[in-house]
Amino acid sequence: MMVRRICFFSLMLSLVFFMSGADNVGPLTAEDYYKSGKIKYHKDDYSGAIEDYNKAAELAPDVAKIFGSRGAARRKLGDREGAIADAQKAARLGDKDAQRILRMLDLGW
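The structure is reproduced here in structure tokens:
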């Protein structure tokens, strides 16, 4: 009987941790923030996406896709200068799409 109670308690505790997201222990990575930003972007939460991309950029300042994505979110919010600056940074880091777009707009990087 005691073993059953312990097993039941362990199962319930595991379920609580699983439901609360407590199984995701440790600091978030740049990739975690990038993915979270992408989800927010696709939900039209551009400000939230930019916040996550900012955190990702702090952790991985040499990853082009972060700046390309942040530039797209800034463009959606009407921040032309910010969008161009991010596209230029992404282009300098090797993002071919950003390079193509800047070339079409006759802007350098």
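Heads up: the sequence shown runs through residues -22 to -1, 1 to 87, numbered per mature numbering (1 follows the signal peptide of the UniProt record, and there is no 0). Just so you know, even glycine gets a beta-carbon here, dropped at the ideal spot from N, CA and C.
The DSSP-derived three-state label of Ala38 is coil.
For the pair Ile44 and Tyr24, the CB atoms are not nearer than the 7 Å cut-off. The three-state secondary structure of Gly26, taken from DSSP, is helix. Measuring C-alpha to C-alpha distances from Arg53 to each of Ile17, Arg81, Ala27 and Trp87 identifies Ala27 as the nearest. Excluding its 5 nearest sequence neighbours in each direction, Lys67 has C-beta neighbours in its own chain below 6 Å: Phe45, listed in chain order.
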